[in-house]
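Here the structure is laid out as structure tokens; the discussion comes afterwards.
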Amino acid sequence: MKSLFAEKVREVVRSIPKGETLPYMVVAERAGNPRAARAVGTIMKNNYDPTIPCHRVIRSDGALGGYNRGVSQKREILLEEGAICK
DNA sequence: TAGTTGACCGGAA
DNA sequence: ATTCCGGCCAACT
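So the number in my numbering is just where the residue sits in the first sequence, counting from 1, plus 4.
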């Protein structure tokens with residue numbers, strides 16, 4: 005049974021348009037817990053659903069953060085979508 | 001039930 | 001600008 009928060013987080017991440025990135029903070033806020041940015045990472049890490057563009061979620065500092073498939077892959081995807089200004 | 005962990009954040013040194 | 005520290009929250013052991 006997945007918690008409501010995790011489910012909401014997935015929905016939010018899934019609604020991220022191509023070519024745009026959303027900080028963990030914002031995802032947490034839209035999920036209902038503005039202070040659960042950390043928990044979002046925990047959920048994402050455990051979430052391997054390809055329908056969820058978790059690579060669009062980055063840190064508020066502008067850093068990519070992490071990725072279950074490798075940060076290199078994440079960076080490549082974002083560059084390909086134009087979500088990164090170099 | 002309680003303690004530890006981590007794809008985080010913001011402020012201080 | 002970079003590094004360190006405490007706080008917050010969900011999942012795991």
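The C-beta atom is built at its ideal place from N, Cα and C for all residues, glycine as well.
Check	Outcome
Secondary structure of residue 62, DSSP reduced to three states	strand
With 16 other Cβ atoms within 10 Å as the buried cut-off, status of residue 13	buried
Exposure label - residue 38; buried when at least 16 CB within 10 Å	exposed
Identified DSSP bridge partners for residue 26	61
Residue closest to residue 52, alpha-carbon to alpha-carbon, out of 41, 61, 73	73
Simplified DSSP assignment, three categories, for residue 70	coil
Nearest-angstrom Cα separation, counted from residue 84 out to residue 60	12 Å
Identity of the residue in 65, 71, 35, 27 nearest residue 7 by Cα	35
Residue 66 vs residue 23 beta-carbon contact at 9 Å	no
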